[in-house]
Amino acid sequence: MSAALDIVKSLPLVSNDDVEGINRLKATLQQKQDELAGNNGYARVPDNQLNAFSDYVVQDMEQADQVVTISLVTLLLIVILIVLIAK
């Protein structure tokens with residue numbers, strides 16, 4: 006997903022507001038990845054707690070204080086790239 010966000014961010018059709026939203030989303034994703042792997046001062050999530058951690062991440066993303074606004078065009082580009090990368 007980070008790779009798709011980087012590609013979309015570099016496209017000329019993406020507004021500055023969308024770039025800021027993408028940067029905030031990438032920072033949140035990186036924080037969760039660091040927490041999962043035990044990088045940057047986080048303790049690694051034990052294997053037996055991976056399901057609980059995934060539930061926590063989903064709830065955290067759903068209930069986040071910050072509002073990430075990404076235009077419909079940018080969102081569609083992200084989804085298309087994720088689909089293409091996943092194949």
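So the mapping is simple: my numbering equals the position in the sequence shown, first residue as 1, plus 5.
Just so you know, even glycine gets a beta-carbon here, dropped at the ideal spot from N, CA and C.
Boundaries (first-last residue) of the alpha helix (DSSP H) holding residue i
i: Q35; result: 21-42
i: Q64; result: 55-67
Neighbourhood of residue i by C-beta, 7 Å cutoff - its chain only, sequence neighbours within 5 removed
i: M6; result: L34, I87
i: Q20; result: Note on identity: in this sequence residue 20 is Ser, with Gln being the wrong assignment. Contacts found: S76.
Residue i (DSSP reduced to helix, strand or coil)
i: N45; result: coil
i: V50; result: coil
i: K14; result: helix
i: S76; result: coil
Close-in-space but distant-in-sequence residues of the same chain around residue i (CB under 6 Å, 5 per side omitted)
i: Y47; result: D39, E40
i: K37; result: V62
i: I27; result: L10, K14
i: I83; result: A9, V13
Contact under 8 Å by Cβ, residue i with residue j
i: K31; j: V24; result: no
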